[in-house]
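Structure first, commentary second.
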Amino acid sequence: MSTKQLLRLATALVVILVAWGAVTLARGSSADRSSSFALPRIDSASVDTIALTARRDTEVLARDAHGQWRVSGYPASPTMVSALLHALDDTIAWSELVAEQPSSHAALGVDADSGRRVRVVSHGKTLLDITTGKRTQDFGGLYLRRTDANPVYAWHGMLVGALDHRTVNDWRDKRIADVEPESVAAIAVQRGAHRYTLRRASGKGAKNGTSGAWTFASGHAADSAAVHRLLGEYTDLTASSFATSAQADSVSFAKPALHARLLSATGAPLASLAFDSTKSGVWVRADSGATVYRIDPWRLSSLLPAESTLQPKEGKTAAKKK
């Protein structure tokens, strides 16, 4: 083969290599510039860890050995976790490409300093790894990108609300009690030095043959409607927040002056709560737990009503006449 032929062959090979490189680069750029972002299909039942990491705080949602969700060791809100898992399976969400260069990350809040990394894991395998940022200008969307990629998308879907920035306390389960009213057979209330007990009559012992009538321990009738309202306060009773370590130390539940017990027909406690009121707030703790909850002050009188408010109206009128 002559020198001229070798030169032509080498030139052709260079042209082929350049063309191949251009095609590869074009394919890579095209993939990187996808006009929309789609969540991978995730089996929510298999997800065992969701890590939400920002520069100043981290919340780790994880299933315990019993399959219950916990956040940084505390019981997590089933409702909020369920909403997040449901949002990960949002099939009607849509997105649009808004930026491609890393220089835009800080302005959109998706850089390492201001972004919030979301990792969804199943049995040690990462199913989703994205970094979220600011809300879109119409506040209906959220900027996000794949953590290992530069393109940024405006995402519109349920994930926007589910990923609103929250602290550990926001993710925690705020349920203090959730008692079915019909399951309660007795109520014992302590308000300082005064105590009273209410009992629900069973079928045979009910006054005038009416099952479910309420009476005081003294035998006097109670206002069943008022008692029903009281029981309603213990149905899905939730806290407004939690006590800090310092606040919990300032509360004394050793000999609570305010206490309520709701018992079943067998005498088993359905809810047994101690209350305390301090300058920093109104606090509640279950006798069987260590968590100290904060509730709104106005709720105290509804959860621990005065005995007189549970008496029949005619009984109150007769008492006044006397």
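Under numbering that gives the first Met the number 0, the first residue of the sequence shown carries the number 0, and numbering increases by one thereafter. Built from N, CA and C at the ideal position, the CB exists for glycine as well. Since the structure is predicted, the reported quantities are computational estimates derived from the model, not experimental observations.
Chain-order list of residues whose beta-carbon lies under 7 Å from that of residue i (same chain, five-residue window excluded)
i	result
Leu269	Val178, Ser182, Val183, Leu261, Leu262 and Ser263
Thr23	Residue confidence for Thr23 is low, a pLDDT of 44 falling below 50, so the modelled location carries little weight; the figure read from the coordinates is stated next. Taken in chain order, the list of residues that qualify is empty.
Lys133	Leu107, Gly108 and Tyr142
Ser76	Trp170, Arg171, Asp172 and Lys173
Leu66	First, the residue type needs correcting, since residue 66 is Gly and not Leu in the sequence shown. Same-chain partners within the cutoff: there are none.
Ser239	Arg293, Ile294 and Asp295
Cut-off 6 Å between Cβ atoms - residues of its own chain near residue i, not counting five sequence neighbours on either side
i	result
Gly208	Caution applies to Gly208, whose pLDDT of 37 falls short of 50 and renders its modelled position unreliable; the value that the coordinates give is listed next. Nothing meets the Cβ criterion.
Ala185	Arg198 and Leu262
Asp235	Asp177
Gln246	Ser279
Lys321	Low per-residue confidence applies at Lys321: pLDDT is 40, beneath 50, and the placement is therefore not dependable enough to give any value.
His104	Asp110
Simplified DSSP assignment, three categories, for residue i
i	result
Val159	helix
Ala77	Contrary to the premise, residue 77 reads as Pro rather than Ala in this sequence. Helix at Pro77.
Ser45	helix
Gly280	strand
Ser223	helix
Ala92	coil
Leu83	helix
Thr214	strand
Val97	strand
Arg171	strand
Gln136	coil
Thr308	helix
Asp359	There is no way to answer for residue 359, as the model of the chain reaches only from 0 to 321.
According to DSSP, residues forming a beta bridge with residue i
i	result
Tyr142	Ala153
Trp297	According to DSSP, which records beta bridges pairwise, Trp297 is partnered with nothing at all.
Val120	Thr48 and Thr125
Pro255	None, per the DSSP bridge assignment.
Gln189	Arg194 and His258
Val70	Leu60 and Tyr73
Tyr292	Phe241 and Val283
Pro268	Leu262
Arg389	With the chain represented from 0 up to 321, any question about residue 389 goes unanswered, as that position is not in the structure.
Leu236	Ala176
Arg40	According to DSSP, which records beta bridges pairwise, Arg40 is partnered with nothing at all.
Thr131	Arg115 and Leu143
Ala273	His258 and Arg284
Residue i burial status per 10 Å Cβ neighbour count (16 or more: buried)
i	result
Ile294	buried
Ala221	buried
Lys254	exposed
His227	exposed
Ala25	Residue confidence for Ala25 is low, a pLDDT of 41 falling below 50, so the modelled location carries little weight; the figure read from the coordinates is stated next. So Ala25 counts as exposed.
Thr131	buried
Gly140	buried
Pro304	buried
Leu84	buried
Trp68	buried
His164	exposed
Ala259	buried
Supposed contact pair residue j and residue i - C-beta distance, whole angstroms, cut 8 Å
i	j	result
Leu272	Ala161	About 31 Å separates the two Cβ atoms, so there is no contact after all.
Ala212	Trp154	Their Cβ separation, rounded to whole angstroms, is 56 Å, which puts Ala212 and Trp154 out of contact at 8 Å.
Val151	Ala98	4 Å
Ala216	Thr243	Wrong, their Cβ atoms sit about 39 Å apart, outside the cutoff.
Thr277	Arg284	At roughly 13 Å, the Cβ-Cβ gap does not stay under 8 Å, so Thr277 and Arg284 are not in contact.
Ser301	Glu232	5 Å
Glu189	Leu257	According to the sequence shown, residue 189 is Gln rather than Glu. Right, their Cβ atoms sit about 7 Å apart.
Thr48	Ala61	5 Å
Ser35	Leu126	Between Leu126 and Ser35 the Cβ distance is about 19 Å, and since that is not below 8 Å, they are no contact.
Trp297	Val250	Contact flag wrong, Cβ pair sits at about 19 Å.
Close Cβ partners of residue i (< 8 Å) along its chain, the five nearest in sequence each way excluded
i	result
Val167	Asp56, Glu58, Val70, Ser71 and Tyr73
Ile129	Arg116, Val117, Leu143, Arg144, Arg145 and Thr146
Arg194	Ala187 and Val188
Thr214	Leu197, Arg198, Ala200, Lys206, Ala220 and Ala221
Asp230	For the record, residue 230 in the displayed sequence is Leu; it is not Asp. Result list for Leu230: Val178, Pro180, Val183, Ile186 and Leu261, in chain order.
Lys45	It should be noted that the sequence gives Ser, not Lys, for residue 45. Around Ser45: Ser121 and His122.
Closer than 6 Å: residue i CB and nearest the ligand FMN heavy atom
i	result
Ser223	Questions concerning the ligand FMN fall outside what the structure shown contains, since it holds no ligand whatsoever.
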